[in-house]
């Protein structure tokens with residue numbers, strides 16, 4: 001779960017990290033009144049979960065009412081990489097002499113958190129990591145001990161941060177780690193951490209992503225979760241509790257188990273088709289859930305053909321068959337052709353239950369995918 | 001630093017451990033009014049840093065005003081193993097069916113904390129440890145991870161605690177460890193942890209000792225420190241900042257470094273004398289401090305003879321000699337004979353400075369101690 | 001022969017009194033697994049599926065000589081259950097639970113480096129030595145005994161590949177589902193190393209997927225340390241960057257690490273044929289044997 | 001030969017800009033110790049006693065090839081300084097600081113078990129290889145080079161015993177003050193084991209004191225593993241139970257563990273003569289050689 005900049009900043013500020021004055025605004029009027037109370041110059045920043053907002057025109061620095069109005073009109077309501085901007089953060093501009101990077105994330109390969117500091121803040125840190133890896137000082141953190149004071153200092157000095165601000169930066173890093181640790185974050189990051197001409201550090205941006213699996217013990221953060229789905233289908237999948245990812249193709253895919261569904265997508269591609277989605281019904285799905293999955297896929301207007309691939313383990317073929325029947329029997333005409341392949345637990349019982357008038361049955365994964373791809377190709381001709 | 005029972009109980013109660021109603025009282029009247037507000041029966045418990053208070057008559061259970069008055073009169077002002085009782089805790093008596101033991105301490109051999117649980121509470125746990133070690137379940141705690149939930153459960157189930165109260169006992173143990181950890185305790189202990197007839201657990205006693213070296217970061221606990229010296233001499237040593245232990249003999253001992261002072265004590269004993277004290281002036285003592293040490297030892301009316309044994313490392317012989325001169329020159333007559341042995345850094349300079357009219361000088365530790373023992377023996381003849 | 005489990009394995013089920021725990025205990029026992037105890041705090045003295053329940057894993061180890069555990073404990077308590085199994089002198093712990101917080105697993109990972117117990121999972125279907133024992137939730141009937149080792153990050157994909165193998169008469173020594181989380185106990189390298197040392201395993205199938213660098217490390221290990229031939233499969237070729245494909249670990253990061261391409265290239269460089277379809281994987285195994 | 005330090009040892013002083021740090025750096029250098037750097041956060045670029053100061057120990061290791069550190073850092077920050085030295089690829093760290101909270105040392109102790117660095121101390125005078133190097137605060141002039149190893153929990157008692165030895169012409173290979181705290185890095189067993197492996201050490205003096213069970217463990221180690229003869233001394237025979245005799249670790253617990261008697265018995269049982277006086281210890285060494 002991603003926090004918005006304004007949410008992350010409030011968490012950071014509560015923990016004692018210096019942040020600029022700021023107010024959230026949803027209209028041009030609110031932007032103007034916020035700018036007035038903060039005092040020009042201010043930055044107007046789109047609050048959407050998109051990287052590279054600045055380059056995409058989602059952040060503007062304004063000096064007066066006229067510019068603020070212009071920026072607010074331009075940003076509020078704009079489409080930023082698929083997300084519509086509904087809110088902006090109006091924030092006092094910082095008079096900076098230097099832009100740093102500090103962050104904490106989970107290093108999956110090491111299986112432990114890593115703290116990072118760089119003098120090259122203000123730009124995409126992943127490009128810095130690729131082009132100039134030495135410019136990022138890294139400290140791997142023992143998960144049992146946590147970030148030790150000497151490690152915070154070492155990261156800061158190894159990154160070449162000026163001795164005048166080293167103490168402040170290392171204390172910001174320590175706080176970032178505490179937040180990461182206490183709040184079950186997957187990432188906490190400040191880029192840029194600005195150094196002002198008077199030698200203070202200020203968090204000019206704030207990133208905080210929370211481990212979804214830990215939200216149960218982070219009720220305050222869970223409350224901050226906002227509807228941030230790209231479209232109605234992903235929202236619907238969230239409501240149904242499916243692992244769902246929408247793609248660009250026309251072959252709708254339903255299956256059980258992440259690896260098998262990914263494989264089904266890959267096979268659609270392999271046989272010349274284009275997957276419309278990833279949809280995992282999970283383990284042990286009952287008839288209702290299966291019907292919901294079909295409803296999901298039919299709701300995607302791009303879908304021309306559906307392939308249902310279930311390898312039963314905990315999931316039982318008879319339940320799958322019932323769900324498919326239920327979902328399809330309500331239609332006078334089946335909206336799109338559905339290819340079904342059932343294997344594993346109770347697959348034979350499922351085959352018997354399945355209403356063969358409503359679906360096309362195939363015995364193997366390869367055959368089922370090929371048939372679904374053909375169906376899609378026929379539909380688009 | 002030892003907390004009094006009433007202090008430890010208030011810390012435990014704040015952390016959520018159930019404790020009986022109680023009030024501190026300094027007079028018989030206060031005892032009576034406390035008993036009235038709590039309701040009989042109550043326990044009247046001496047608040048002094050002494051083990052085995054119950055056996056020594058420092059705890060009495062009373063049923064009515066008459067008994068309460070009697071108990072208060074008996075306990076307030078009594079001498080308990082050298083400590084005068086100035087305050088009692090008046091506490092609601094617990095109707096218990098079982099007495100358990102739970103505690104956390106540092107296991108020095110393992111270099112890690114250990115959590116302990118036993119069904120055999122209410123008696124001296126050290127005797128249980130000796131006579132029936134199996135009756136105490138122990139969980140060694142990784143200092144980096146802390147006490148894990150499964151460890152608390154395991155200790156409780158391994159100790160054979162009834163399943164009905166196991167959850168509560170394990171939660172008390174978890175809290176005890178958190179307090180131990182957060183408050184820099186050397187020991188946290190509840191003995192007995194009473195189980196009531198209604199199946200609740202209540203801390204009927206409370207022990208909490210704090211690591212002196214960590215008091216700097218435990219300001220709340222440091223404020224609880226009370227004058228708990230056995231006598232005026234130990235209080236004086238505390239004010240001077242000496243490591244001082246009063247003993248029963250008549251040879252006063254001053255030296256630098258714990259091991260060397262202990263050795264000097266041992267040699268006094270070896271040569272037939274009896275040490276009056278352990279007094280370590282520490283490393284790098286200047287003249288003032290040396291004079292204070294002599295003042296300390298002269299203040300002990302049991303002392304008949306003094307031996308001064310300094311092996312200079314950081315401590316310089318000339319400073320020691322100056323301090324001895326300063327302290328002794330103020331007397332018309334030296335109160336007790338002082339034997340001085342100086343070795344190590346600037347020992348020769350010290351010997352030159354030393355006013356040989358005031359002290360007896362010896363070259364070796366053995367000779368110095370023998371001379372001091374002889375002095376004491378002469379004085380007591 | 002086999003790796004990690006066989007018919008001597010004595011299993012304690014953590015969370016045996018829960019719905020899933022009870023159901024799969026019965027399934028495991030039906031398959032022939034030697035389940036000797038359950039462990040659930042506060043439930044000591046009860047019986048589930050004819051098996052005695054203890055309050056702690058240590059008691060189950062003391063009383064019933066358990067040497068492996070299977071963990072069906074809800075995510076909030078699962079890391080503690082794993083810690084308990086790692087501190088109870090077991091040879092093997094298998095964590096089925098999905099959705100354990102990643103920071104909990106980082107701590108488990110640290111403790112794992114300090115003990116000798118193998119951990120398989122979490123978020124995995126478990127493992128099976130066909131005809132001897134299964135620890136987990138795999139459907140026993142699709143497996144058959146043979147000389148092919150299988151290690152996979154995915155559950156149902158494993159079944160699919162096993163199906164393709166079994167249909168051709170290619171039985172398995174042991175099949176291990178190592179789980180789809182970012183931080184797991186037994187890695188590809190760990191499992192491959194065990195298969196390499198197993199004289200009965202004549203070929204290994206390794207089913208990877210996008211995310212992380214385990215497959216790349218496995219490729220390096222195969223090139224440097226393995227004589228036993230390996231056939232590979234990588235799921236997620238068509239997955240877009242930045243989208244989590246079901247498994248918490250199955251994600252190609254924005255910076256382009258964890259792609260299927262990188263994994264397939266690494267495996268090919270190590271001499272491992274990577275099939276485009278599960279059927280092609282079975283073809284490769286037939287050729288390698 | 002010697003143990004732990006010699007004239008090749010390259011020392012970084014943590015806390016070199018403090019009063020004690022500066023004074024003893026000068027003393028160490030005067031003795032001939034190869035002090036190559038200081039480390040104090042925020043003081044990088046300065047110089048103390050002609051030695052360059054770095055902000056971190058790692059920088060001192062990178063820039064000056066330091067392989068040992070001596071720690072003069074106030075108690076509140078000392079554990080962090082030790083952690084830093086343990087995470088900087090040093091062979092040896094010597095912590096002089098007295099008064100480090102015990103819980104901090106428990107964490108240090110855990111980390112120690114994970115690294116190869118030796119820690120001597122804390123709350124110790126350091127160690128010296130006469131004529132080559134001293135790391136710490138021992139008065140160099142009382143030591144002389146020879147074939148007797150010395151290990152002691154006490155500072156000034158060490159000087160006393162060394163004095164008795166030196167007066168008879170019995171020089172030392174290395175003398176190690178391991179410190180008087182309850183939790184320390186190098187134990188008696190660790191030091192004895194190093195002396196046993198040092199071909200130049202022909203006898204060892206071990207000065208123990210009341211508290212803990214290190215001396216008992218040392219006795220067992222001597223009986224089982226040592227050919228080099230050992231002479232012993234135990235301070236605190238007359239200490240009453242429950243009273244801390246100066247050192248945080250020097251306390252006989254109420255339950256009677258840590259007594260001088262138990263230690264002396266254990267050493268005698270291991271064939272170690274225990275002197276009643278420092279002079280008797282020197283007698284024993286003469287006999288053992």
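Residue numbers (the UniProt record's numbering), protein chains in the order written: chain H, 1 to 381; chain R, 1 to 381; chain D, 1 to 289; chain U, 1 to 289. Don't be surprised by glycine CBs; every beta carbon is placed ideally from N, CA and C. It should be emphasised that the depicted structure is a prediction, and the values quoted were computed from it without experimental measurement.
Distance CB(residue 38 of chain U)-CB(residue 61 of chain U) smaller than 8 angstroms: no
Within 8 angstroms (strictly less), CB to CB, does residue 118 of chain D reach chain H? no
Interface residues of chain B facing residue 99 of chain U [CB-CB closer than 7 angstroms]: The chain inventory of the structure shown lacks chain B, comprising the protein chains H, R, D and U.
If we call anything under 8 angstroms between Cβ atoms a contact, is residue 44 of chain D one with residue 138 of chain R? no
Can you find a CB in chain R that lies within less than 8 angstroms of the CB of residue 153 of chain U? yes
In this structure, what does DSSP give as the bridge partners for residue 193 of chain H? H/100, H/203
Using a Cβ-Cβ cut-off of 8 angstroms, state whether residue 145 of chain H counts as contacting chain U. yes
Short-range partners of chain H found in the region 67 to 91 of chain D, where Cβ spacing is below 9 angstroms: 75, 76
Which bits of chain R does residue 58 of chain D rub up against, with CB to CB less than 8 angstroms? 154, 158
Cβ shell of residue 21 of chain U (< 7 angstroms), same chain only, five flanking positions each side left out: 13, 15, 72
Cutting at 6 angstroms between CB atoms, please list the residues of its own chain near residue 270 of chain U, excluding the five before and the five after it. 219, 222, 223
Residue range of the unbroken alpha helix (DSSP H) whose run includes residue 365 of chain R: 365 to 379
Just to confirm, is the Cβ distance from residue 146 of chain U to residue 173 of chain U under 8 angstroms? yes
Whose CA, out of R/324, R/311, R/305, R/344, lies closest to the CA of residue 373 of chain R? R/305
In chain D, which residues lie less than 9 angstroms from residue 167 of chain R when you measure between Cβ atoms? 41, 42
Test item: CB-CB of residue 250 of chain U and residue 180 of chain U under 8 angstroms: yes
For residue 218 of chain H, which residues in the same chain have their Cβ closer than 8 angstroms to its Cβ, ignoring the five residues on either side in sequence? 183, 184, 210
Need the endpoints of the beta strand (DSSP E) that residue 95 of chain U sits in, please. 92 to 95
Who are the near neighbours of residue 195 of chain R in its chain, counting only those whose CB is closer than 7 angstroms to its CB and skipping five residues on each side? 96, 97, 98, 100, 165, 201
Starting from residue 206 of chain D, follow the beta strand (DSSP E) in both directions and report where the run begins and ends. 203 to 209
Identify, in the order they occur along the chain, each residue of the same chain with its Cβ nearer than 7 angstroms to the Cβ of residue 331 of chain R, setting aside the five sequence neighbours on each side. none
Of all the residues that make up the region 121 to 146 of chain R, which are near chain D by a beta-carbon distance shorter than 9 angstroms? 142, 144, 145
Does the region 43 to 54 of chain H touch the region 70 to 84 of chain H, meaning 3 or more C-beta pairs lie closer than 8 angstroms? yes
Does residue 347 of chain H come out as helix, strand or coil in the three-state DSSP assignment? helix
Taking the alpha-carbon positions, what's the residue 300 of chain R to residue 274 of chain R distance? 14 angstroms
Give the DSSP-derived three-state secondary structure of residue 278 of chain D in the structure shown. helix
Out of H/294, H/346, H/272, which one is the CA nearest neighbour of residue 375 of chain H? H/272
Within this structure, are the beta carbons of residue 285 of chain U and residue 148 of chain U separated by less than 8 angstroms? yes
Apart from the five residues on each side of it in sequence, which residues of its chain come closer than 7 angstroms, Cβ to Cβ, to residue 142 of chain R? 112
Let me know the secondary structure DSSP gives residue 127 of chain R once reduced to three states. helix
CB of residue 75 of chain D within 8 angstroms of CB of residue 100 of chain D, strictly: yes
Residue 311 of chain R by DSSP, collapsed to three states: which one? strand
Going by beta-carbon coordinates alone, are residue 170 of chain R and residue 152 of chain R separated by less than 8 angstroms? yes
Inside the region 198 to 253 of chain U only - beta strand (DSSP E) runs reaching at least 3 residues: 203 to 209, 230 to 235
Alpha-carbon spacing of residue 32 of chain R relative to residue 167 of chain R, whole angstroms: 37 angstroms
Tell me which same chain residues have a C-beta within less than 6 angstroms of the C-beta of residue 214 of chain D, skipping the five on either side of it? 187, 188
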